[in-house]
Amino acid sequence: MVFKTLIKNIIHLSTVNSTMDEALSFVKEGLDHPVLIVADEQRSGKGRGKNIWSSPKGGFYGTYALPLEKQATEQQILFMHYAASIAVQQVLEKETGLEIKTKWPNDIYFRNKKLGGVLIEYLSGDKLFLLIGIGVNLFSNVDDIAEEHRKKSISLQFEDKQKLSMNQFIYKLSDTLLKLAVEIFENNFSNIVDLFNSRLSYFEKEIKLKNGSQYFCRGINNSGKLHLENEVDILQLKIEDNEMILEMD
Ligand code: BTN
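Number 103 in the numbering used here belongs to position 108 of the sequence shown; there are no gaps in the numbering.
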């Protein structure tokens, strides 16, 4: 794959609407190599679905634009969601020693509050691109986060981060993510299944759906779906089905 090489092109911008939009502009201009677009702040950061991603200064806001040589499969795209959250978690755990969790499908949690999230867009026009947007409230001040998200958000601003700097985070994240991406595009998913499930807060536990039913969570399977089962039923949830799960601690 083209992106086997590490990201050498990092474009650092100050204030943008969204790094996803910036990435799209680069793609439209005929981008032919992987880039990471990072911004200090975003005016209208995008979250999954119709959510906004509040993006005050101090956080990490980046979109990787990766050109693909051939169509990505649904499974590969699904696994890129998991890879992005695993990469953030691995880097933060290694560099800070803090215990960072992931919630399915790809939310990054610390002390049971949201620290980061991932947004993936697959562009399959004349040329094929994967845009991987990652937001982490790394050093931001929680008081600057939009009011509707503030209560459930957390940042690492006041944690002992040892020597972690924004630049270090960016380089280590790129390195970790791209290694996982290579596994995915070689159709090698088992490592990521294990990495994800070992960090999933309700792995091998009972979970409740919003419709009141209760299931045992077996984690994600090799096809990338979340496998739930009870005495009468088996469910395989796709990322879009994440709203079905009742929010739990
Ligand atoms: C979510 O959990 O809802 C996903 C949040 C993704 C936010 C990142 S920040 C960088 C990139 N640019 C955006 O506008 N969104 C993503």
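Where is the CB? At the ideal position from N, CA and C, for every residue including glycine.
#1: In three-state terms, what does DSSP make of residue 193?
#2: Would you mind reading off the limits of the beta strand (DSSP E) that contains residue 213?
#3: Measure the C-alpha to C-alpha separation of residue 151 and residue 236 and round it to an integer number of angstroms.
#4: Would you kindly work out how many angstroms separate the C-alpha atoms of residue 165 and residue 158, rounded to a whole number?
#5: Taking Cβ positions only, does residue 195 come closer than 7 Å to chain B?
#6: Along the chain, where does the alpha helix (DSSP H) containing residue 164 start, and where does it finish?
#7: Note down the Cα distance separating residue 188 from residue 115, rounded to an integer number of angstroms.
#8: Taking Cβ to Cβ, would you say residue 124 is nearer than 7 Å to residue 22?
#9: Taking the alpha carbon of residue 233 as the reference point, which residue from 46, 77, 203 has its own alpha carbon closest?
#10: Tell me the residue span of the alpha helix (DSSP H) that contains residue 82.
On the basis of the supplied data:
#1: Here residue 193 corresponds to residue number 198 of the sequence shown, with the count starting at 1. Of the three classes helix, strand and coil, the one that applies to residue 193 here is helix, per DSSP.
#2: Translated into positions along the sequence shown, residue 213 becomes position 218. In the DSSP annotation of this structure, the continuous segment of the beta strand (DSSP E) that includes residue 213 starts and ends at 209 to 215.
#3: Looking up residue 151 in the sequence shown gives position 156. Looking up residue 236 in the sequence shown gives position 241. Straight-line Cα distance between these residues: approximately 30 Å.
#4: Residue mapping note: residue 165 aligns to position 170 of the sequence shown, counting from 1. Residue mapping note: residue 158 aligns to position 163 of the sequence shown, counting from 1. Distance between the alpha carbons of residue 165 and residue 158 is about 13 Å.
#5: Among the protein chains of the structure shown there is no chain B, as only one such chain exists.
#6: Residue 164 sits at position 169 when you count from the first residue of the sequence shown. Segment 161 to 180, the alpha helix (DSSP H) holding residue 164.
#7: For this step, residue 188 is matched to residue 193 along the sequence shown. For this step, residue 115 is matched to residue 120 along the sequence shown. Rounded to the nearest whole angstrom, the CA to CA distance from residue 188 to residue 115 is 18 Å.
#8: One-based indexing of the sequence shown puts residue 124 at position 129. One-based indexing of the sequence shown puts residue 22 at position 27. A distance below 7 Å separates the beta carbons of residue 124 and residue 22.
#9: Translated into the one-based positions of the sequence shown, residue 233 becomes position 238. Nearest to residue 233 by C-alpha distance, out of 46, 77, 203, is 77.
#10: Residue mapping note: residue 82 aligns to position 87 of the sequence shown, counting from 1. In the DSSP annotation of this structure, the continuous segment of the alpha helix (DSSP H) that includes residue 82 starts and ends at 69 to 91.
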